[in-house]
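**Student:**
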Amino acid sequence: MISSPENRGRSGMTVSTEAILGIIAEESGLDPAALRPDATFEQLDIGSLDVASTLFAIEDKLGVVIDPDKLDRNATISDFVGLVMRLA
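Residue numbers (the UniProt record's numbering): 1 to 88.
(1) Rounded to a whole number of angstroms, what is the C-alpha to C-alpha distance between A52 and P68?
(2) What are the start and end residues of each continuous alpha helix (DSSP H) run of 4 or more residues lying completely inside the segment 18-67, in chain order?
(3) Output yes or no for whether 8 Å exceeds the beta carbon distance between T54 and I77.
(4) What are the boundary residues of the beta strand (DSSP E) that T76 is part of?
(5) Of the choices A75, D50, L87, N74, whose alpha-carbon is the least far from that of I66?
(6) Which same chain residues end up closer than 7 Å to residue 103 when comparing Cβ atoms and leaving out the 5 residues on each side of it in sequence?
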């Protein structure tokens with residue numbers, strides 16, 4: 001399981017691992033338990049439209065803006081959570 005630190009996003013909202021995983025699960029339609037830290041979006045069959053909607057939801061719900069061009073399609077779920085936490 002991914003560790004669960006918390007940060008405050010630019011909007012002042014709390015950014016946590018659980019919140020990020022919840023958004024990924026909601027936008028992809030996957031069960032949160034399926035989001036293994038070592039799995040990539042591709043391995044989880046999360047397509048580019050789901051990734052885009054995830055980025056928009058993270059911005060909307062957590063106040064964290066992620067440039068889609070900076071996102072590595074081969075990044076793991078853990079890498080993605082770390083990126084969001086660093087940008088929060």
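Just so you know, even glycine gets a beta-carbon here, dropped at the ideal spot from N, CA and C.
**Tutor:** With the structure as the only source:
(1) 7 Å
(2) 48-62
(3) no
(4) Segment: none, T76 is in no beta strand (DSSP E) and carries neither H nor E.
(5) L87
(6) Here the chain covers residues 1 to 88 and nothing more, so residue 103 does not appear.
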